[in-house]
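Protein chains in written order, with this note's numbering: chain A, 75 to 411; chain B, 120 to 426.
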């Protein structure tokens, strides 16, 4: 009975994680199709549930930022993202109620399921601010990281911890794995920062940038986190030198974080005592390689939409693979799933 | 070697961060901050300014935590005599009084500083009044003075949605007072359900709770009557136009469940010993759902009206 409830809980969490991944990737697609301001209001689109209901003349004039022309395609992209995100919100609420119902089962996780509705709520608010603060990079990046947090928590819940204790050899990988995870988080921020500041195109070549290994950069402007009220950030506002600095930092990060993750994956494979742990290490190596290939091709092929979206999907996979390794290295404590 | 090795040790010199956290009653404070957040979102059409939202909720959270710590300090003697509260950090000796007092001062002062400098003076003033109202007037005096303690003291607990509202608008709107009224009417049935369940312990320490002074039967009747008042009060937001039918529908369902609980409590009497606590737990969920409904309605009703 209790075992069944846990299996079913994890299955729902897995479904939630899949949905969260879709929300994140569709979110990136919204950003890359410049549809983030497709609806200038929140939660409706020009006050409607679906953009097809918008009457161009009547509604658009009343909307905030009426200067922005109504674009049905962009509005649709934005609303699709909001519909799926709302569905995810319902799944997360369901998991919280589920965890409450089975809270007396010592193996039922409760902290994360009860935290998740708050994370989702904050995400809803950040989504609203993304629109009302006209795509302020820090808010949009925070919205991305919030989405990845939601995904991570759901993915973590969906993984069944191993019942055996890890061997000393497996435990010895822990510090490195944690370091690599922290580095990955920083790199995810940098990736979001690159996209939201429209800094990808600052370096249209690889491995050089603007034909040089030492392009002009402005790091002070690149990482200034203040924003001006009422300023429209669509298309980016930073100088080329600042965008170059952001892009270049993300590239250097890609090499260093990638190597750290590869090392973690390799050691995991070498020191693993079971095929499950080994598989996690292989998944990590595979996703690092995949993300490198996508990243380089994104530049070489001139930033096509599908590769940009794939780069985000690659990040999602990379994060999940890293969490999988961590989960395998930290089996359940007694009584805590 | 896992992180759960160091078990709480009463003899250790420094309290752990967990003891500090426990002093702030994090779960109760979370519900308080949630009602404040709803006040912020309801104060304006669309979304409130990000700055007010972040600083306001931080300030209210700090103030509520500070009040909770004061409550722990003042109640440590009676806490040590009740099974429910015996394991709090102060009665257990995991935390000494001086540290707790300093902690509450730091929390309260930072809340006041934050609200005064970066939110607005009105919110700071009202927050301060609520803090004093709960920590001093209620905990130190009312609680031990009259069986109406939690009815009057409930005013302090009902303030957070108003505080959230003023954070955003710097003005006490009538609708904010409506939110106040909801929590105010909710507190007596919520607390008396607990008081019935714990009446023997309250009697032992001489706390004049309603069931101790006037008996359980009268308390049950009061719970039913206050829940009826609550039902009427929760319909008011629809009548004043603050909230729409989405809220109205959810509120009616929640009220019906609450009334069913308290009716069972009234009718079954002592035949069902688990009923008071079940009513108590439901009342907490009720408030969370009700304010969640207010929040959802604020955005859903205008959209659905145009379908």
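Here a beta-carbon is modelled for each residue, glycine too, at the ideal position from N, C-alpha and C.
What's the C-alpha gap between residue i and residue j?
i, j, result
"residue 121 of chain B", "residue 289 of chain A", "Because the pLDDT at residue 121 of chain B is just 42, under 50, the model does not fix this residue reliably, and the value given afterwards should be weighed accordingly. Rounded to the nearest angstrom, the two C-alpha atoms are 48 Å apart."
"residue 256 of chain B", "residue 269 of chain B", "11 Å"
"residue 127 of chain A", "residue 161 of chain A", "21 Å"
"residue 292 of chain B", "residue 303 of chain B", "17 Å"
"residue 405 of chain B", "residue 369 of chain B", "11 Å"
"residue 287 of chain A", "residue 281 of chain A", "8 Å"
"residue 428 of chain A", "residue 355 of chain A", "Beyond the ends of chain A as shown, which are 75 and 411, falls residue 428 of chain A; an answer cannot be given."
"residue 338 of chain A", "residue 350 of chain A", "15 Å"
"residue 297 of chain A", "residue 212 of chain A", "10 Å"
"residue 123 of chain A", "residue 423 of chain B", "7 Å"
"residue 126 of chain B", "residue 344 of chain B", "Here the model assigns residue 126 of chain B a pLDDT of 47, short of 50, so the residue's position is not dependable and the matter cannot be decided."
"residue 374 of chain A", "residue 292 of chain A", "24 Å"
"residue 411 of chain B", "residue 157 of chain B", "8 Å"
"residue 410 of chain A", "residue 332 of chain B", "Note that residue 410 of chain A scores a pLDDT of 44, beneath 50, so its modelled location is shaky; the value from the coordinates is reported in the next line. Each residue's alpha carbon lies about 44 Å from the other."
"residue 295 of chain A", "residue 285 of chain A", "22 Å"
"residue 241 of chain A", "residue 268 of chain A", "40 Å"
"residue 170 of chain B", "residue 238 of chain B", "9 Å"
"residue 23 of chain A", "residue 376 of chain A", "Examination of residue 23 of chain A is not possible in this model, given that chain A is present from 75 through 411 alone."
"residue 246 of chain B", "residue 252 of chain B", "10 Å"
"residue 183 of chain B", "residue 325 of chain B", "27 Å"
"residue 140 of chain B", "residue 177 of chain B", "15 Å"
"residue 100 of chain A", "residue 157 of chain A", "11 Å"
"residue 302 of chain A", "residue 166 of chain B", "18 Å"
"residue 279 of chain A", "residue 305 of chain A", "30 Å"
"residue 367 of chain B", "residue 413 of chain B", "9 Å"
If I'm right that residue i touches residue j with Cβ under 8 Å, what's the distance once you round it to whole angstroms?
i, j, result
"residue 147 of chain B", "residue 179 of chain B", "Actually they are not in contact, since the Cβ atoms of residue 147 of chain B and residue 179 of chain B sit about 13 Å apart, beyond 8 Å."
"residue 272 of chain B", "residue 261 of chain B", "5 Å"
"residue 409 of chain B", "residue 353 of chain B", "7 Å"
"residue 307 of chain A", "residue 208 of chain A", "6 Å"
"residue 415 of chain A", "residue 317 of chain A", "Limits of chain A in this structure are 75 at one end and 411 at the other, which puts residue 415 of chain A out of reach."
"residue 202 of chain A", "residue 116 of chain A", "4 Å"
"residue 308 of chain B", "residue 265 of chain B", "About 18 Å separates the two Cβ atoms, so there is no contact after all."
"residue 181 of chain B", "residue 226 of chain B", "5 Å"
"residue 224 of chain A", "residue 387 of chain A", "That belief does not hold up - the Cβ atoms of residue 224 of chain A and residue 387 of chain A are roughly 16 Å apart, past 8 Å."
"residue 257 of chain A", "residue 336 of chain A", "Incorrect: roughly 12 Å between the Cβ atoms, too far for contact."
"residue 84 of chain A", "residue 234 of chain A", "6 Å"
"residue 329 of chain B", "residue 314 of chain B", "6 Å"
"residue 279 of chain B", "residue 186 of chain B", "Between residue 186 of chain B and residue 279 of chain B the Cβ distance is about 11 Å, and since that is not below 8 Å, they are no contact."
Given residue i, which residues of its chain have a CB within under 7 Å of its CB, disregarding the five upstream and five downstream residues?
i, result
"residue 369 of chain A", "328, 385"
"residue 482 of chain A", "Coverage of chain A is limited to positions 75 through 411, which leaves residue 482 of chain A absent and any answer about it impossible."
"residue 219 of chain A", "262, 263, 266"
"residue 394 of chain B", "383, 384, 387"
"residue 220 of chain B", "192"
"residue 389 of chain A", "262, 265, 365"
"residue 421 of chain B", "none"
"residue 172 of chain B", "159"
"residue 341 of chain A", "247, 250"
"residue 382 of chain A", "106, 372"
Skipping 5 residues on each side, what residues in its chain have a beta carbon closer than 6 Å to that of residue i?
i, result
"residue 294 of chain B", "361"
"residue 243 of chain A", "345"
"residue 41 of chain A", "Summary: the structure shown does not reach residue 41 of chain A, with chain A confined to residues 75 through 411, and so no result is reported for it."
"residue 159 of chain A", "97"
"residue 290 of chain B", "none"
"residue 296 of chain B", "none"
"residue 107 of chain A", "151"
"residue 312 of chain B", "395, 398, 399"
"residue 228 of chain A", "87, 90, 91, 94"
Once the 5 residues before and after residue i are set aside, which same chain residues still bring their CB inside 8 Å of it?
i, result
"residue 129 of chain B", "With a pLDDT of 46 at residue 129 of chain B, under the threshold of 50, the predicted position of this residue should be treated as unreliable, though the coordinate-derived value follows. Excluding sequence neighbours, residue 129 of chain B sits near 211, 212, 213."
"residue 203 of chain B", "317, 320"
"residue 168 of chain B", "287"
"residue 403 of chain A", "240, 244, 245, 247, 248, 251, 342, 351"
Which residues of chain D have a Cβ atom closer than 7 Å to the Cβ of residue i, listed in chain order?
i, result
"residue 418 of chain B", "This model lacks chain D altogether, as its protein chains are A and B."
Worksheet item: Hey, which unbroken runs of the alpha helix (DSSP H) at 4 residues or more fall wholly within the region 310-339 of chain B?
Response: 318-323, 329-333
Discussion item. To be precise: take each residue of the region 176-192 of chain A, compare its Cβ to all Cβ atoms of chain B, and keep it if any distance is under 7 Å. Which residues remain?
Written reply: none
Worksheet entry | Entirely enclosed beta strand (DSSP E) segments - the region 153-193 of chain A, minimum 3 residues | none
Discussion item. Beta carbons nearer than 8 Å to chain B: which residues of the region 111-123 of chain A have them?
Written reply: So the close ones are 115, 116, 117, 118, 121, 122, 123.
Worksheet item: Which ranges does the alpha helix (DSSP H) cover as unbroken runs of at least 4 residues, wholly within the region 136-212 of chain B, from first to last along the chain?
Response: 136-142, 145-162, 169-193, 195-198, 208-211
Worksheet item: Name the residues in the region 143-165 of chain B whose C-beta lies less than 8 Å from a C-beta of chain A; which are they?
Response: Flagged, chain order: 165.
Practice prompt. Anything in the region 364-391 of chain B with a Cβ closer than 7 Å to a Cβ of chain A? List those residues in chain order, please.
Written response: none
Worksheet item: Taking a cut of 8 Å between CB atoms, which residues from the region 197-227 of chain A lie near chain B?
Response: Going along the region 197-227 of chain A in chain order, one finds 199, 202, 203, 206, 207, 213 with a Cβ nearer than 8 Å to chain B.
Fill in: Short-range partners of chain A found in the region 332-349 of chain B, where Cβ spacing is below 7 Å
none
Worksheet item: Between the region 167-187 of chain B and chain A, which residues of the former have CB atoms less than 8 Å from a CB of the latter, in chain order?
Response: 169, 172
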